[in-house]
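What follows is one structure encoded as structure tokens, with my remarks underneath.
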């Protein structure tokens, strides 16, 4: 019997990095994980309506941009990840001590792919969004079709590469509820390192852009006060337009700044979670073996093995918060990009659908619409 236990323990330790599935305390966590999926449903509906707004309403109403639309799709997929298990509940366990993974369960593969694609679409597109704003504001570069082609190519190719890579390096498995995440192993850095670097790049570019705007405004105020004579003011008059533009851009920085720090927050929590989840290489060998031997000897009564797992896993509240933020991230994405003209555009669209004949006031309404759009145009660049 001792030899049999040793063989099973060795097999367990040679497993492909999956966290054993017999930690009873985590079964009490299942209702909280289900709550994450329920919260994701209204966020999915809101994000879908937001994307539909981009597709139906004119650009003057939405200020749509490819670097705004792509992240919206990513946010939609993040919410969808936590809804899929409610549509088709998966079989999480292969046996008493081993969870299913991407090689044994199709739903595991589906949720793993969807969440990876969503994460990378949001992060990589936000990198190019921050870069485009930085080039436009700091270096005064007008970005054309070439930048669009390069950025979209990098976004989609990068998403494919970074989504496929974890499946060959670590794989995904059921660890926290009904959604598959990376198997906890040292090779996780192949996924986490690029994520951290890109998030830091977003934050760095945005801070640089903000500092440039603030410094330009302060410099303009200082020069304006220095030129006290009428002649000096006339000489400086031509330089006032960029200063005023920088003032406006500085005021508008709250949107991209919140977006940048939101990305950093989510990435930090996501990475911290998988760093905290230790593997058999970092666990004390004697404690790990004692736990697994207990599971092998009592497969039908794993509750008595719970004392052996003290300190193995992250805090449940932290895990719940991390996944709740991830599943509802589309909500703050919509809030940051939402414009009043979108609501006005839907109102006008429904009015036009209700009318069965051409209104004699259509020209006046079009003129009013154009004037309203002008007041919103400045937020497109933000």
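Numbering (this note's numbering), first residue to last: 3 to 384.
Beta carbons: idealized from backbone N, C-alpha and C, even for Gly.
Check                                                                                                                                 : Outcome
Residue 350: first and last residue of the uninterrupted alpha helix (DSSP H) it sits in                                              : 342-356
Backbone secondary structure at residue 2 - three-state DSSP                                                                          : Any answer about residue 2 is impossible in this case: the structure gives the chain only from 3 up to 384.
Assigned secondary structure, residue 186 (DSSP; H/G/I helix, E/B strand, else coil)                                                  : coil
Neighbour-count burial assignment, residue 76, 16 or more Cβ in a 10 Å radius                                                         : buried
Within 8 Å, strictly: CB atoms of residue 193 and residue 217                                                                         : no
Residue 2 - containing alpha helix (DSSP H), residue span                                                                             : With the chain covering 3 to 384 only, the question about residue 2 has no answer from this structure.
Residue 471 - partner residues in DSSP beta bridges                                                                                   : A question about residue 471 goes unanswered here, because the residues of the chain that appear run from 3 up to 384.
Validate contact between the region 142-158 and the region 175-191 using beta carbons, cut 8 Å, 3 pairs                               : no
Simplified DSSP assignment, three categories, for residue 140                                                                         : coil
Simplified DSSP state of residue 73, which is helix, strand or coil                                                                   : helix
Contact with chain C by residue 295, beta-carbon distance below 8 Å                                                                   : Judged by its chain identifiers, the structure shown contains no chain C, having just a single protein chain.
Contact check, residue 83 vs residue 117, beta carbons under 8 Å                                                                      : yes
Selected residue, minimal CA-CA separation from residue 65, among 343, 328, 81, 355                                                   : 343
Cβ pair count under 8 Å reaching 3, the region 205-214 against the region 259-269                                                     : yes
Contacts around residue 73, its chain only, beta-carbon distance under 7 Å, and the 5 residues preceding and following it disregarded : 123, 124, 127, 128, 335
Through-space distance from residue 354 to residue 163, alpha-carbon basis                                                            : 45 Å
Span of the alpha helix (DSSP H) around residue 145                                                                                   : Looking at the DSSP string, residue 145 is not in any alpha helix (DSSP H), and its letter there is neither H nor E.
Where residue 103 falls: helix, strand or coil (DSSP)                                                                                 : strand
Test item: CB-CB of residue 86 and residue 113 under 8 Å                                                                              : yes
Limits of the unbroken alpha helix (DSSP H) element including residue 324                                                             : 318-329
Alpha helix (DSSP H) segment containing residue 93, residue limits                                                                    : From DSSP, residue 93 is part of no alpha helix (DSSP H); its letter is neither H nor E.
When 209, 317, 296 are compared against residue 257, the one with the closest alpha-carbon                                            : 209
Buried/exposed call for residue 306, threshold 16 Cβ in 10 Å                                                                          : exposed
Proximity to residue 134 [Cα-Cα], best of 120, 151, 121, 50                                                                           : 151
Coarse secondary structure for residue 153, derived from DSSP in three states                                                         : helix
CA-to-CA distance, residue 136 to residue 345, given in whole angstroms                                                               : 29 Å
Host alpha helix (DSSP H) of residue 64 (start-end)                                                                                   : 61-64
Sequence-distant residues of its chain with Cβ nearer than 7 Å to residue 180 (five each side left out)                               : 35, 87, 91, 92, 94
Three-state class that DSSP yields for residue 175 in the structure shown                                                             : strand
Nearest candidate by alpha-carbon position, reference residue 269, set 322, 141, 80, 121                                              : 121
Straight-line Cα distance separating residue 330 from residue 323                                                                     : 11 Å
Backbone secondary structure at residue 134 - three-state DSSP                                                                        : helix
Closest by C-alpha distance to residue 271, when choosing among 293, 37, 223, 316                                                     : 316
Under the three-state DSSP convention, the category residue 303 falls into                                                            : coil
C-beta atoms of residue 174 and residue 273 nearer than 8 Å                                                                           : no
Sub-8 Å separation of residue 53 and residue 78 beta-carbons                                                                          : yes
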